[in-house]
Every structure is written in C-alpha cells, then in structure tokens.
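Read through the structure below, which is laid out as structure tokens, and then see the notes.
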Amino acid sequence: MQTPPRPRPSPGPILPRRALLRTVGLGGLAPLLGLTRPAAAAPSPIPFPTSRVAVVTHDGRRYVFTVEVARTPTQRARGLMYRRRLAPDHGMLFDFGGIGARAMWMKNTYVALDILFLENDGRIWSIAAETTPLSEAILPAQGPIRAALELNAGTCRLLGIEVGDVVEHPLFGHPPVP
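Residue numbers (the working numbering): 205 to 382.
See below:
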C-alpha cells in the first residue's frame, strides 16, 4: 500500500497578516462610516416659470433679480433643492397662494440663502439671513405672509435690504418688472 503524497506547505499569505487585517478592517468599517453609500441622486428637474422682481429699499434704491416662480405644491416642495449654485442676480419666488403662517428649511439645499418673507403687498415682513446649507432647522416667517423670496446669502447685507423694504412683482399687484 502506498502512502498518499504529503501535502506541500503553503507559500504563506499573499499579504502579511497585519496588512490583510488593516485592509479588511477598513473595508469592514466603510459601510459603517457611510463611505460606500452612493451620493443621493437628485430627482429629475421640474420646470419653473421665470419672472423678474425689483427690491426697493427704504432709501429708494432698486435692485432687479431674475427669479423662478414656485406656485404649485410640487414646485414649492422642490424649490432650490439640489442646486449647486445660484447666479448673483437670480433667486426664487414662492407664491403660497394666500396669507398664512409659513416656514422654510434648507434640506437638500446646497446654496446658502437669504430668505425674505413677504406680506400680501410685497413688503418684507422678516428675513432669515445667511441660512445654513443642508440644515433641517425650521425657519419660521415670524408672522402671516403671502410669499417668500430666496436670494444668495449675504445679498441683503450687501445691498442694505431690510424688513419694511418692498418687493415689486405682479403677484403683489405691481406692474411687471422690465
């Protein structure tokens, strides 16, 4: 009877044990740290009509912005979410369709904003200045409003826009802004 051949010794691990543990250990931690999760894909774009607004300050200066107008519930829910930039002379006007207590938030919004809360005649009721991108903190209007205007953060400070100034737009009974 023949004896079976003796197994050869293995040449050893391809990676030294420490390197293997380090690699597997980090790989094992990656899901826990969220390192393997793909970035949330932005939903498909939705159309917004564009218009122009003028902000008239207490000292008579007039600043014109091109805005996208959010009138439908879908448009208002999306707003400026998932946008990575906003041109300096652009913004978004939210028409809530009537006076009421309103609030905004910055969820999924990558651009810091100044949010102007507007009365039925376009007068600025309150301002949430230089908001924090991606924050889910609630930003209340501090009173009953008709609309909100979002501009790049720092615009109000830079241009001297304050509570009591007026936003002109047909929504508030003003003629169209040229």
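Note that the Cβ used here is the ideal one computed from N, Cα and C, for glycine as well. Quick caveat: nothing in here was measured; it's all calculated off a predicted structure.
What is the residue span of the alpha helix (DSSP H) that residue i lies within?
i	result
Leu290	Taken as a continuous stretch (DSSP letters only), Leu290 belongs to no alpha helix (DSSP H), as it is neither H nor E.
Ala341	Where Ala341 is concerned, there is no enclosing alpha helix (DSSP H), given that its DSSP letter is neither H nor E.
Thr278	277 to 282
Thr359	359 to 363
Kindly list the residues whose CB is nearer than 6 Å to the CB of residue i, restricted to its own chain and excluding five residues on each side of it in sequence; keep chain order.
i	result
Gly377	none
Thr359	Asp318
Leu320	Ile328, Ile331, Leu353
With distances taken from CA atoms, which of the options is nearest residue i?
i	options	result
Ile250	Ala281, Glu372, Phe321, Glu366	Ala281
Pro292	Ile365, Pro382, Leu355, Val381	Leu355
Thr276	Ala246, Asp299, Tyr267	Asp299
Trp329	Thr278, Gly283, Val370	Val370
Asp325	Val257, Glu372, Arg256	Glu372
Which residues in the same chain have their Cβ closer than 8 Å to the Cβ of residue i, if we skip the five residues on either side of it in sequence?
i	result
Thr254	Thr270, Val271, Glu272, Val273
Leu363	Val259, Thr261, Arg265, Tyr267
Val315	Leu284, Arg287, Arg288, Arg289, Leu290, Pro337, Asn356, Ala357
When we look at the beta-carbon of residue i and count the other beta-carbons within 10 Å, is it buried (16 or more) or exposed?
i	result
Gly301	exposed
Leu343	buried
Glu323	buried
Glu340	exposed
Arg361	exposed
Gly295	buried
If you follow the beta strand (DSSP E) that residue i is in, where does it begin and where does it stop?
i	result
Leu320	317 to 322
Trp309	That residue, Trp309, is in no beta strand (DSSP E); it is neither H nor E in DSSP.
Val367	Where Val367 is concerned, there is no enclosing beta strand (DSSP E), given that its DSSP letter is neither H nor E.
Val259	254 to 260
Val273	266 to 274
For residue i, which residues in the same chain have their Cβ closer than 7 Å to its Cβ, ignoring the five residues on either side in sequence?
i	result
Arg327	Gly368, Val370
Does the ligand NAP have even one heavy atom less than 6 Å from the beta-carbon of residue i?
i	result
Thr276	Absence of the ligand NAP from the depicted structure is noted, as is the absence of any ligand whatsoever, leaving it without description.
Please confirm whether residue i has its beta-carbon closer than 7 Å to some beta-carbon of chain B.
i	result
Val315	No chain B appears in the structure shown, which is made up of a single protein chain.
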